[in-house]
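As structure tokens, the structure follows; a few thoughts come after it.
In the working numbering, the protein residues as written are 184 to 283.
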């Protein structure tokens, strides 16, 4: 009887240690482990932010397309400001800043 009592705590300890390492492996070591899930959550957040940014940019581009199709003054302003275009006979004066 004494040998059974001595073996029982060792066996329980062995079961506990085995169970602990099994849980630790499942939690950290598998493809569905904690670190993998955290990495996927970060990736999801990054992609959601990127989608939001691209939706805003897409909306701005749609607005520019609409303006280009309907507003001739907007087209003229765009040509003057971004492409430095002028009408025939116009003279453009550019004021340069002096270096000190």
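No residue lacks a Cβ here, since even glycine has one placed at the ideal position from N, Cα and C.
- CA-to-CA, the gap between residue 197 and residue 191 works out to about 10 Å.
- The C-alpha of residue 274 lies about 40 Å from the C-alpha of residue 237.
- The beta carbon of residue 211 sits closer than 7 Å to those of 217 and 218, all from its chain and outside the five residues before and after it, given in chain order.
- The three-state secondary structure of residue 216, taken from DSSP, is coil.
- Secondary structure at residue 234: helix, using DSSP grouped into helix, strand and coil.
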